[in-house]
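Here's the structure, in structure tokens; my notes come after.
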Amino acid sequence: DVKVTQSSRYLVKRTGEKVFLECVQDMDHENMFWYRQDPGLGLRLIYFSYDVKMKEKGDIPEGYSVSREKKERFSLILESASTNQTSMYLCASSFLVAYTDTQYFGPGTRLTVL
Amino acid sequence: QKEVEQDPGPLSVPEGAIVSLNCTYSNSAFQYFMWYRQYSRKGPELLMYTYSSGNKEDGRFTAQVDKSSKYISLFIRDSQPSDSATYLCAKGGSGYSTLTFGKGTMLLVSP
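These protein sequences, in sequence, are chains C and F. The first sequence begins at 35 in this note's numbering and counts up by one. The second sequence begins at 25 in this note's numbering and counts up by one.
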């Protein structure tokens, strides 16, 4: 079974803090994704990566950066957290060349910024 | 117009009912369709995927695609309280490995 793990299930941070969210997958997937999910807005893609050290902006990259130094690990960084970044953050992974582009998700990190 | 539309619900049914969850999409370039189930405070889990028009069955679940109408459906037979979750449809095949998700339909199955 594909396993995608995220470093924290719940996180509380203060405005202005630098926040790191980590994601690890064990299926040798090339692609990794970061989403945020908010009520009424659904899943929105922040960034994705199709290879080590490569990154592509998604629909809402502002206020976020990412790092992919190893194939299995993809980090999301909030340089200076703000209250409007309070959300559920979901990581996913998939094969680069795949029949269906199926993505596999981690359990999510619920981040609260005070 | 959003590329994938879903009614947010909630859809409330009694246990044992047949459930129909639906999505419409606007861009014919997308080829593959997936249904994810998401329990409260958890990540989405893949239920089914399909790429062609017609039906695909897996146990109590049937995914149906009608490309001429740009309509995708998920049917759940003999629904159970454990089916209570949000169901997300998604389409892929854009060539960039990204998926386009609907906002999800919340399903509540009462015992």
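Backbone N, C-alpha and C define an ideal beta-carbon position, used for all residues, glycine too.
Worksheet item: Are any of the Cβ atoms in chain C nearer than 7 Å to that of F:G33?
Response: Residue mapping note: residue 33 of chain F aligns to position 9 of the second sequence, counting from 1. No, F:G33 lies away from the interface with chain C (no Cβ there is under 7 Å from its Cβ).
Worksheet entry | Nearest-angstrom Cβ-Cβ length linking F:Y49 and F:V28, presumed shorter than 8 Å | As a working note, residue 49 of chain F is residue 25 in the second sequence. As a working note, residue 28 of chain F is residue 4 in the second sequence. With a Cβ gap of about 5 Å, F:Y49 and F:V28 count as contacting.
Discussion item. So if I threshold CB-CB distances at 7 Å, which residues from the segment 88–121 of chain C count as touching chain F?
Written reply: none
Discussion item. Please return the same chain residues whose Cβ sits closer than 7 Å to the Cβ of F:L71, not counting the five positions on each side in sequence.
Written reply: Counting from one through the second sequence, the residue named residue 71 of chain F turns up at place 47. If we look at F:L71 and ignore the five residues flanking it on each side, its Cβ neighbours are W59, Y60, R61, F85.
Discussion item. Tell me which residue opens and which closes the beta strand (DSSP E) that F:N79 is part of.
Written reply: In the second sequence, residue 79 of chain F corresponds to position 55, counting from 1. F:N79 -> beta strand (DSSP E) spans 78–82.
Worksheet item: In three-state terms, what does DSSP make of C:N118?
Response: As a working mapping, residue 118 of chain C is identified with position 84 in the first sequence. Here C:N118 sits in helix by DSSP.
Fill in: Interface flag, C:P73 vs chain F, CB-CB below 7 Å
Against the first sequence, residue 73 of chain C aligns to sequence position 39. No, because no Cβ of chain F sits closer than 7 Å to the Cβ of C:P73.
Worksheet item: Any beta-carbon of chain C closer than 7 Å to the one on F:F125?
Response: Mapped onto the second sequence, residue 125 of chain F falls at position 101. Chain C, which has a Cβ nearer than 7 Å to the Cβ of F:F125, makes this yes.
Worksheet item: Going by the beta-carbon positions, is the gap between C:I80 and C:P95 smaller than 7 Å?
Response: Here the question's residue 80 of chain C lines up with position 46 in the first sequence. Here the question's residue 95 of chain C lines up with position 61 in the first sequence. A contact, by the Cβ cut-off of 7 Å.
Item to complete: Give the single residue among C:F67, C:V38, C:E56, C:T49 whose Cα lies nearest to the Cα of F:L123.
Response: One-based indexing of the second sequence puts residue 123 of chain F at position 99. Here the closest residue by C-alpha is C:F67.
Practice prompt. List the endpoints of the continuous beta strand (DSSP E) containing F:P38.
Written response: Your numbering for residue 38 of chain F matches position 14 in the second sequence. Where F:P38 is concerned, the enclosing beta strand (DSSP E) stretches over 35–38.
Practice prompt. Check the Cβ-Cβ distances between F:P38 and every residue of chain C, and say whether any is below 7 Å.
Written response: Counted from its first residue, the second sequence places residue 38 of chain F at position 14. False, the Cβ-Cβ gap to chain C never drops below 7 Å.
Item to complete: Run down chain C in chain order and give the residues with a C-beta less than 8 Å from the C-beta of F:S108.
Response: To locate residue 108 of chain F, count along the second sequence from 1; it is residue 84. The contacting residues do not exist; F:S108 stays about 17 Å from chain C at best.
Discussion item. As a quick exercise: from C:M88, C:H63, C:T39, pick the residue whose alpha carbon is nearest that of C:D135.
Written reply: On the first sequence, residue 135 of chain C is found 101 positions in, with the first residue counted as 1. For C:D135, the nearest C-alpha among the options comes from C:H63.
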